[in-house]
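Here's the structure we're looking at; comments come further down.
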Amino acid sequence: MASLREVKNRINSTKKTKAMTKAMQMVSASKKTRAEQNAKSYVPYMEKVQDVVCAIASGTTDASHPMLVSRPVKKTGYIIITSDRGLAGAYNSSVIRGLVNTLNQRHKSKDEYVILAIGRVGKDYFAKRDYNVVDSVVGLPDQPSFSDVKAIARKAVGMFAEGTFDELYMYYNHYISVIQQEVTEKKVLPITDLAPASEGVTASYEFDPSAEAILEVLLPQYAESLVFGAILDGKASEHAARMTAMKAATDNADELIKSLDLLYNRARQAAITQEITEIVGGAAALE
Amino acid sequence: MKTVQVNIVTPDGPVYDSEVAMVIAKTVSGEIGVLPGHIPLVAPLSIGGVQLKNADGKSNFVAVSGGFIEVRPDKISILAPSAEVASSIDVARAQEAKARAEERLKAKKDDVDFQRAELALKRAINRINVHEGNV
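From first to last, the protein sequence lines stand for chains A and B. full-length UniProt numbering puts the first residue of the first sequence at 1, with every later residue one more than the last. full-length UniProt numbering puts the first residue of the second sequence at 1, with every later residue one more than the last.
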């Protein structure tokens, strides 16, 4: 049986770990709330942009734009959204696994696609395994603003326009609830299946200077905001995943402490019993 | 006096939402003034200030960095990558950004950097102008 002091030390260290995981759980909980709010305040913007894009794309048949046209796919771009730090349960591994599975299914060689990694974990994973990572962003703040994300979004859209790739997909964890996040694939470019976000958008607009000129401005903005939305969604999922993971860790620490306490008490009892036996034995020897 | 509802929305959330009598904005093809009951219109905006005239004749100013304006008879929406109401503009930061952009323009490295610096300078100057109320 372990010595009293050993058990005592383990109890103390487990308690300290528990205090830490508990603190991290609470930090993540508050970050999650804010991330949810961010995602919510972004929705009206997205809906509006979508409405106008739809109105233009459906209202005028002659207006076309390279971003609306599907072209033969020679190369595909993938944006993967991961976190910078670990301790978030299966958050990163599930989204990475999702992307790797798709890559293996869809492509025969690594020349057929490029990867844009957001978050350190994803970047390291793909760079280490010799995937073609063309761009990466690390160190995004916990509550990213549009200007933090603009650079990578613009670059991704620019690469599509230049013809570096002919399709662009995003992989991220979609936030459903605190305990449920789902790996999601979303096609960003070319922009297909447009549906108005709100009902009754049938107004036929005047365009100044022309529908083409507006699509020129609007579509990149639309694609960039899709990427931004996915990042916000991913961040909310990240904080939720971390919160759940830390809660599980705290619960486990509680259980461990309980069983160690039992062990400690048993060892203490054994030591006392032994002492009494020794005293009684000693006294008996004197008689 | 007739008024129309105006929304200014950015990816970081709504910036402005109120009833106004007139909107004056700078589109890429020139300045437009929009009154209530305007026909549906979409136009891209250039970097500049948007003037929102209230029913009592007073004006609010908002600095926008591009985006576009969507006009419907009963509602006007401005969607911009970023927008700030004049009173909430951080002038010190804008001055800093302006100085930084000017520095970069002087350095003149390559075309891409040059363009970006020029846009950054425009945005900074716009923010300062809007804050001072001259648009």
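Think of the CB as a built atom: it goes at the ideal place given N, C-alpha and C, for glycine as much as any other residue.
Query: CB of Y205/A within 9 Å of CB of L41/B, strictly; Result: yes
Query: Nonlocal neighbours in the same chain, by C-beta distance under 7 Å from A161/A, ignoring five residues either side; Result: P66
Query: Beta-carbon gap between I78/B and I69/B smaller than 9 Å; Result: yes
Query: Bridge partners - D254/A, DSSP secondary structure assignment; Result: In DSSP, D254/A forms no bridge with anything.
Query: Where R100/B sits in the DSSP three-state scheme; Result: helix
Query: Under 7 Å from the C-beta of F228/A: neighbouring residues of chain B; Result: P11
Query: First and last residue of the uninterrupted alpha helix (DSSP H) at L99/A; Result: Y91 to R106
Query: For P73/B and M170/A, the rounded distance between their alpha carbons; Result: 37 Å
Query: Unbroken beta strand (DSSP E) run spanning G33/B, endpoints; Result: G30 to V34
Query: Proximity of A153/A and F228/A at Cβ, strictly below 9 Å; Result: yes
Query: As assigned by DSSP and simplified to three states, the class of E182/A; Result: strand
Query: CB contact below 9 Å: Y42/A versus chain B; Result: yes
Query: Assigned secondary structure, N173/A (DSSP; H/G/I helix, E/B strand, else coil); Result: strand
Query: Residues near E167/A in its chain [Cβ-Cβ closer than 6 Å; skip 5 each side]; Result: V73 and T76
Query: Residues within the region 31-51 of chain B neighbouring chain A, beta-carbon criterion of under 7 Å; Result: I39, P40, L41, V42, A43 and P44
Query: Partner residues on chain B for L218/A, Cβ-Cβ distance less than 7 Å; Result: F68
Query: Validate contact between the region 132-151 of chain A and the region 106-114 of chain A using beta carbons, cut 8 Å, 3 pairs; Result: yes
Query: Chain-ordered residues of the region 74-103 of chain B with a beta carbon less than 8 Å from chain A; Result: S77, L79, P81 and S82
Query: Inter-stretch contact at 8 Å, needing at least 3 Cβ pairs: the region 80-89 of chain B / the region 46-65 of chain B; Result: yes
Query: Three-pair Cβ contact test at 8 Å for the region 171-178 of chain A versus the region 233-250 of chain A; Result: yes
Query: Three-state class that DSSP yields for I89/B in the structure shown; Result: coil
Query: Rounded C-alpha distance that separates A120/B from N7/B; Result: 25 Å
Query: Per-residue contacts from E206/A into chain B (C-beta, under 8 Å); Result: I39, P40, L41 and V42
Query: Reduced DSSP category for T27/B - H, G, I as helix; E, B as strand; rest coil; Result: strand
Query: Closest residue to Y78/A among K15/A, M243/A, Y45/A and K123/A (Cα-Cα distance); Result: K123/A
Query: Member of Q25/A, V43/A, K31/A and R5/A whose CA lies at the smallest distance from the CA of Y222/A; Result: V43/A
Query: Other residues of its chain near K186/A: CB distance less than 6 Å, five sequence neighbours each side excluded; Result: M170
Query: Cβ pair count under 8 Å reaching 3, the region 33-51 of chain A against the region 4-21 of chain B; Result: yes
Query: Contact the region 18-35 of chain B vs the region 93-105 of chain B: 3+ CB pairs below 8 Å; Result: no
Query: Bounding residues of the alpha helix (DSSP H) (the contiguous stretch that carries S147/A); Result: F146 to E162
Query: Cβ of S59/B within 9 Å of any chain A Cβ; Result: no
Query: Local Cβ density within 10 Å of I55/B, reported as buried at 16 or more and exposed below that; Result: The identity of residue 55/B in the sequence shown is Ala, whereas the question assumes Ile. Exposed, by the Cβ-count rule.
Query: Alpha carbon of V34/B to alpha carbon of S145/A, nearest angstrom; Result: 30 Å
Query: Meets three-Cβ-pair contact criterion under 8 Å: the region 91-109 of chain A and the region 136-144 of chain A; Result: no
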